[in-house]
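Engineer: Here it is, the structure in full.
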Amino acid sequence: MSNAVNTDTYLTRLDKFITRMNAHDIPGVIELYTEDCVLDDLGADSVVRGHEELFEFLTGMFTAAPGMTGKLVAACDDVDRVWVEWGWHGVGPDPAKVHRIVSVMRYEDGRIKHATDFWRGIGAESSQS
Numbered sequence: 011m012s013n014a015v016n017t018d019t020y021l022t023r024l025d026k027f028i029t030r031m032n033a034h035d036i037p038g039v040i041e042l043y044t045e046d047c048v049l050d051d052l053g054a055d056s057v058v059r060g061h062e063e064l065f066e067f068l069t070g071m072f073t074a075a076p077g078m079t080g081k082l083v084a085a086c087d088d089v090d091r092v093w094v095e096w097g098w099h100g101v102g103p104d105p106a107k108v109h110r111i112v113s114v115m116r117y118e119d120g121r122i123k124h125a126t127d128f129w130r131g132i133g134a135e136s137s138q139s
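Residue 11 is where the sequence shown starts when you use our numbering, and the numbers rise one by one after that.
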């Protein structure tokens, strides 16, 4: 039995993710995903499959919102999944507004295998803040 400490907790994984997203480090973000990853972006009604499509998706997102940054609001994990609430700003018609996104990420061998993002349209006005 190994006495090694597992430092690859879900919080360290999320810290890597948000740090790379905030830096708009596309290759760095992509290496956090498996080669056959799937991203279900329910807010945009789109599905991204694999590294090539993920590269195109991230490039388009960062081009459209060059000032986009986010922060972790809350998170919890269970075996191979992580549930995360994010606060993102720098996007849409009001760059100062914080947009809430909830993600469910399933991991395989320490990398994101499948992610589902839940959010309302960034350009749409909502009745709640």
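The beta carbon of each residue, even a glycine, is placed where N, CA and C say it ideally should be.
1) F72 to V89, Cα distance in whole Å?
2) Quick check on the DSSP output: the beta strand (DSSP E) that includes M115 runs from which residue to which?
3) Counting along the chain, where does the alpha helix (DSSP H) carrying R22 start and finish?
4) Between A54, V48 and K81, which has its C-alpha nearest M31's C-alpha?
5) Quick one: what does DSSP say G60 is sitting in, helix, strand or coil?
6) Could you give the DSSP three-state label for A84: helix, strand or coil?
Structural biologist: On the basis of the supplied data:
1) Here residue 72 refers to the residue found at position 62 when the sequence shown is read from its first residue. Here residue 89 refers to the residue found at position 79 when the sequence shown is read from its first residue. Cα to Cα, F72 sits roughly 31 Å from V89.
2) Counting from one through the sequence shown, the residue named residue 115 turns up at place 105. That run of the beta strand (DSSP E) goes H109 to E118.
3) Counting from one through the sequence shown, the residue named residue 22 turns up at place 12. Correcting the residue identity first, residue 22 is Thr in this sequence and not Arg. That run of the alpha helix (DSSP H) goes Y20 to N32.
4) As a working mapping, residue 31 is identified with position 21 in the sequence shown. Taking only the C-alpha atoms, the option nearest M31 is K81.
5) Reading the sequence shown from its first residue, position 50 is the one you call residue 60. DSSP places G60 in helix when its eight states are reduced to three.
6) As a working mapping, residue 84 is identified with position 74 in the sequence shown. Of the three classes helix, strand and coil, the one that applies to A84 here is strand, per DSSP.
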